[in-house]
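In terms of the UniProt record's numbering, the sequence shown opens at residue 1 and continues consecutively.
We treat Cβ as the ideally placed atom computed from N, Cα and C, and that holds for glycine.
See structure below.
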Amino acid sequence: MTTKPNNLLTTKPSPLTTMVVFLILCILGFYAFHFPHTPPHSNNTSTFQNLFLSSSSNSTISSYLRTLTMHPHLAGTKPNSDTANFVLNHFISLNLKTHTTSYNVLLSYPLHSSLSMHFNDGSSSNLGLTEPGSSGSDMVHAYHAYSPSGSVYAKAVFVNYGRDRDYRAVGVSIKGCIVIVRKGGGLGRNTVVEKAEENGAVAVLVYNDENDTWRNGFERGHVMKGVGDPLSPGWGSVEGSEKLSLDDNEVLKRFPKIPSMPLSAHVADAVLSSLGVTPLPLEWRTTLRAKGINHVGPGPTMLNFTYLGEKKMATIQNVFAVIKGSEEPDRHVLLGNHRDAWTYGAVDPSSGTAALLDIARRYSILLHSGWKPRRTIVLCSWDAEEFGMIGSTEWVEQNLINLGSKAVAYLNVDCAVQGPGFFVGSTPQLDSLILEITKKVKDPDSKGVSVYASWAAANGGNNIQRLGRVDSDFAPFVQHAGVPSIDIYYGKDFPVYHTAFDSYNWMAEYADPFFQRHVAVTGIWGLLALRLADDSILPFNYLSYANELRELKLVETSGQFVDMKRRAMNDRLMLAEKGFLDGDGLKGKQWFKHLVFGPPNDAEKLDFFPGIADSMTRSTGTSERERLAEIQREIWRVTRAIQRATFALRGEFT
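If you want it as structure tokens, here you go:
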């Protein structure tokens, strides 16, 4: 990165710079004028926070995890439904108000796969595609969800990480070949397959060689583009709602056009060691020759690869526990973790699920001790995250209007514990709160110090990541609904990710033998929620978020409180109107967003529902079938708008 000279003292500031400085000064003045002596929380609140920390139990978390990981629990299967019931019954046993929300969504499962190598001498070798000990169990075979079915007989080519520069470096034509790709290089699975397709490959096989100890693991995952149910893009896939057809262009563009599947490093070794023809590019040799790779192909080995899968509708279920706020019940602090797993899911996601269950237990202790949160706390157990954040995305889309006005923050934990070291990501207004909370929680690996101190020492500073990724349930909250969010975990990554080896035994032996890292994550997660739920003034620091001044409307001094019921009703009435807006606007008149009142092309036909009116009168360049399909789409848009407004008026989440 080139460093530019500092011209602040010699260059006239731009209007944009002047405006940013002005906004920051406004915020500083706002804070100084309104809240010069306001404590962050009362002594009584501190007492409950201390009680929360002192009620931790590593053995309890361990027992939760053992129960959660007794069986694989893939989304859309009975074992996953059983896991949902276990979470639901746990919440009920604590006398928490609970409910579930179901969605009918498109998932993807394998039916058959095979891979064999064929050599010049006429011999062949069948390659095993299951982990040791997993055959005969109810564990799903290794596959890429949403991969198309296909059968290919072609030469193999190794393309390193499958990046653009790797395809340039390989120096051979990929057209008509099966490419072998190793995990890494910053690309997601969908992008790896997409780039292979762009370069003319007919299939993709992906392996993970990042750890030499677990070379027999197959890393499952999905290859769909985007998040959420592909048949209901932008709206919740509830029973009776609109569903796009599988041959709709909007659906088809979500899926790859060439088949793919994961390989273990062990199986990949057999293929890669048989390649010849073209030597390994010079820039790859330092790391790859040590792994026994000397040539990239194409061939002479031929691969016979078959994958047969099915896409089918399945019911998924989100589970919720709600602790109603005593003073601002219409403001919600949400804690979320997904429940579904590719296999046993001890790390991903059951370490987070165990932490969520323990937070529920500890909050129950606080409730029995007289605690009443100021704001409502919602514990969320999401389904079908592994298929593209489907459970959380459908819920966010269904509750978008309410989230926009009522969600204080979303706190996500996916893999609570992967190994050593604290990691966190957030939207910037929550940075200061994270630093405060980590000073209160004991470090699980160093005696007598806080998580904050060890975190700072290990990373050369308290580095907080940003949430631009699309790899966990915070994505729809941040990137679609604009809700302030945090994502917490211990351990940068782990070698048994999405494999059959992600078991309770692996967790207890390698990632967290004494479950103290689980205790630390649970403590941080729970305390963050307590502060966000109980502080009289929300603990947001917007000095680095000047363009979000509108959020400060939530903050009032003690002399300015208005009647909560009246404020809540006014909020609902105001927000209901916004429910009729659509981000895409009217066709050909995108500035007009209102789907009930707006300027139709022919006011004599219909003076309301302008989108429907326009589609009824539009005839140029469209067939009757296309016109009727467009009318139906406009009717569905209006239907969803009315539903959004209804949810906003009702003032409750689904």
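> Rounded to whole angstroms, how far is the Cβ of Val267 from the Cβ of Leu127, which I believe are closer than 8 Å?
Replying inline: Within the sequence shown, numbered from 1, the residue matching residue 267 stands at position 267. Within the sequence shown, numbered from 1, the residue matching residue 127 stands at position 127. With 8 Å as the limit, Val267 and Leu127 qualify as a contact, their Cβ atoms being about 5 Å apart.
>> In whole angstroms, give me the CA-to-CA distance for Tyr344 and Glu624.
In response: Here residue 344 refers to the residue found at position 344 of the sequence shown. Here residue 624 refers to the residue found at position 624 of the sequence shown. Going by the C-alpha atoms only, they are around 52 Å apart.
> The beta strand (DSSP E) with Met389 in it runs from where to where?
Replying inline: As a first step, residue 389 is located in the sequence shown; it is residue number 389 there, counting from the start. Run containing Met389: none; DSSP gives neither H nor E here.
> Under a Cβ-count criterion, where at least 16 other Cβ atoms within 10 Å of its own Cβ denotes burial, should Phe158 be classed as buried or exposed?
Replying inline: Residue mapping note: residue 158 aligns to position 158 of the sequence shown, counting from 1. By the 10 Å Cβ count, Phe158 comes out buried.
> Below 8 Å, can you find three or more Cβ-Cβ pairs linking the region 61-69 to the region 300-308?
Replying inline: no
>> Mapping the DSSP letters down to three states, classify Leu528 as helix, strand or coil.
In response: For the purposes of this step, residue 528 is taken as the residue at position 528 of the sequence shown. It is helical.
> Going straight from the alpha carbon of Gly200 to that of Ile174, what length do you get?
Replying inline: Your numbering for residue 200 matches position 200 in the sequence shown. Your numbering for residue 174 matches position 174 in the sequence shown. Their backbone Cα atoms lie some 6 Å apart in a straight line.
> What residues in its chain sit with their C-beta under 7 Å from that of Trp636, if we drop five residues either side in the sequence?
Replying inline: As a first step, residue 636 must be located in the sequence shown, where it is residue number 636. Once the five neighbours on either side are set aside, the close Cβ partners of Trp636 are Glu242.
> At a cut of 8 Å, does the region 410-429 reach the region 448-468 through at least three beta carbon pairs?
Replying inline: yes
> Thinking just about the alpha-carbon of each residue, which of Asp340, Asn412, Lys406 and Gly234 is nearest to the one in Ala475?
Replying inline: Locating residue 475 in the sequence shown gives position 475, where the first residue counts as 1. Minimum Cα distance to Ala475 is reached at Asn412.
>> Per DSSP, what are the beta-bridge partners of Glu328 in this structure?
In response: What you label residue 328 is simply residue 328 of the sequence shown in a count that begins at 1. Glu328 pairs with Arg375.
> Where Asn547 and Val140 are concerned, what is the direct C-alpha to C-alpha distance, given to the nearest angstrom?
Replying inline: Within the sequence shown, residue 547 is the residue found at index 547, counting from 1. Within the sequence shown, residue 140 is the residue found at index 140, counting from 1. Note that Asn547 scores 35 on pLDDT, short of 50, meaning its location in the model is unreliable and no value can be drawn from it.
>> So, for His295: in the same chain, excluding its five sequence neighbours on each side, which residues have a beta-carbon less than 7 Å away from its beta-carbon?
In response: Here the question's residue 295 lines up with position 295 in the sequence shown. Same-chain partners within the cutoff: Leu275, Gly276, Val277, Thr278, Pro279 and Leu280.
> So what does DSSP say about Glu310, is it helix, strand or coil?
Replying inline: Taking the first residue of the sequence shown as position 1, residue 310 is located at position 310. Glu310 falls in the strand class under three-state DSSP.
> What did DSSP end up calling Lys553 once you bin it into helix, strand or coil?
Replying inline: Here residue 553 refers to the residue found at position 553 of the sequence shown. Caution applies to Lys553, whose pLDDT of 36 falls short of 50 and renders its modelled position unreliable; the value that the coordinates give is listed next. Helix at Lys553.
> Among Thr286, Val417 and Gly461, which has the Cα closest to the Cα of Leu435?
Replying inline: Mapped onto the sequence shown, residue 435 falls at position 435. When each option's Cα is compared against that of Leu435, the closest is Gly461.
>> Which residue wins for smallest C-alpha separation from Trp235, given the options Lys78, Ser54, Val478 and Val105?
In response: Position 235 of the sequence shown, counting from 1, holds the residue named residue 235. When each option's Cα is compared against that of Trp235, the closest is Val105.
> DSSP three-state call for Ile92: helix, strand or coil?
Replying inline: One-based indexing of the sequence shown puts residue 92 at position 92. Note: Ile92 maps to helix in three-state DSSP.
>> Taking DSSP's pairing of strands, which residues face His338 in a bridge?
In response: By 1-based counting over the sequence shown, the position of residue 338 is 338. According to DSSP, His338 bridges with Trp382.
> Would you call the region 52-68 and the region 349-357 in contact, with 3 or more CB pairs under 8 Å?
Replying inline: yes
> Hey, out of Val227, Asn85 and Ala196, whose CA is closest to Trp395's CA?
Replying inline: The residue you call residue 395 lines up with position 395 of the sequence shown. When each option's Cα is compared against that of Trp395, the closest is Val227.
>> Do Gln429 and Lys492 have their beta-carbon atoms positioned less than 8 Å apart in this structure?
In response: Walking along the sequence shown from the start, residue 492 turns up at place 492. Walking along the sequence shown from the start, residue 429 turns up at place 429. It is not a contact, given that the beta carbons lie outside the stated cut-off.
> Are Asp229 and Tyr103 closer than 8 Å when you measure CB to CB?
Replying inline: Locating residue 229 in the sequence shown gives position 229, where the first residue counts as 1. Locating residue 103 in the sequence shown gives position 103, where the first residue counts as 1. Yes. Within cutoff.
> Nearest CA to the CA of Ala142: which residue from Asp121, Gly309 and Ile180?
Replying inline: Numbered from 1 along the sequence shown, position 142 holds the residue referred to as residue 142. Of the listed residues, the one whose Cα sits closest to Ala142 is Gly309.
> For Arg285, which of Asn160, Thr301, Phe653 and Leu528 has the nearest alpha-carbon?
Replying inline: Locating residue 285 in the sequence shown gives position 285, counting from the first residue. Among Asn160, Thr301, Phe653 and Leu528, the Cα nearest to that of Arg285 belongs to Asn160.
>> Tell me the rounded alpha-carbon separation between Asn50 and Leu527.
In response: Taking the first residue of the sequence shown as 1, we reach residue 50 at position 50. Taking the first residue of the sequence shown as 1, we reach residue 527 at position 527. Near 9 Å, if we compare the C-alpha coordinates of Leu527 and Asn50.
>> Please return the same chain residues whose Cβ sits closer than 7 Å to the Cβ of Arg650, not counting the five positions on each side in sequence.
In response: For the purposes of this step, residue 650 is identified with residue 650 of the sequence shown, where counting begins at 1. None.
>> Check for me: the alpha helix (DSSP H) holding His368 runs from which residue to which?
In response: As a working mapping, residue 368 is identified with position 368 in the sequence shown. Per DSSP, His368 belongs to the alpha helix (DSSP H) from Ser351 to His368.
> Could you give the distance in angstroms between the alpha-carbon of Asn505 and the alpha-carbon of Ala511?
Replying inline: Your numbering for residue 505 matches position 505 in the sequence shown. Your numbering for residue 511 matches position 511 in the sequence shown. Distance between the alpha carbons of Asn505 and Ala511 is about 10 Å.
> By how many angstroms is the C-alpha of Ala533 removed from the C-alpha of Ser260?
Replying inline: Within the sequence shown, residue 260 is the residue found at index 260, counting from 1. Within the sequence shown, residue 533 is the residue found at index 533, counting from 1. About 45 Å.
>> Using only the alpha-carbon positions, how far apart do Asp164 and His480 sit?
In response: For the purposes of this step, residue 164 is taken as the residue at position 164 of the sequence shown. For the purposes of this step, residue 480 is taken as the residue at position 480 of the sequence shown. When rounded, the distance between both Cα atoms is 29 Å.
>> For Lys97, which residues in the same chain have their Cβ closer than 6 Å to its Cβ, ignoring the five residues on either side in sequence?
In response: The sequence position of residue 97 within the sequence shown is 97, counting from 1. So the list reads Val322, once near-sequence residues are dropped.
> Candidates Phe477, Lys372, Pro495 and Leu335: which alpha carbon is nearest Gly523's?
Replying inline: Within the sequence shown, numbered from 1, the residue matching residue 523 stands at position 523. The option with the nearest alpha carbon to Gly523 is Leu335.
> What's the gap between the Cα of Ile612 and the Cα of Glu626?
Replying inline: What you label residue 612 is simply residue 612 of the sequence shown in a count that begins at 1. What you label residue 626 is simply residue 626 of the sequence shown in a count that begins at 1. Cα to Cα, Ile612 sits roughly 14 Å from Glu626.
> Just reading off the beta strand (DSSP E) that Tyr109 is part of, what are its end residues?
Replying inline: Counted from its first residue, the sequence shown places residue 109 at position 109. Run containing Tyr109: Lys97 to His118, per the beta strand (DSSP E) assignment.
> Apart from the five residues on each side of it in sequence, which residues of its chain come closer than 7 Å, Cβ to Cβ, to Ser446?
Replying inline: Reading the sequence shown from its first residue, position 446 is the one you call residue 446. These residues qualify, in order along the chain: Ser454.
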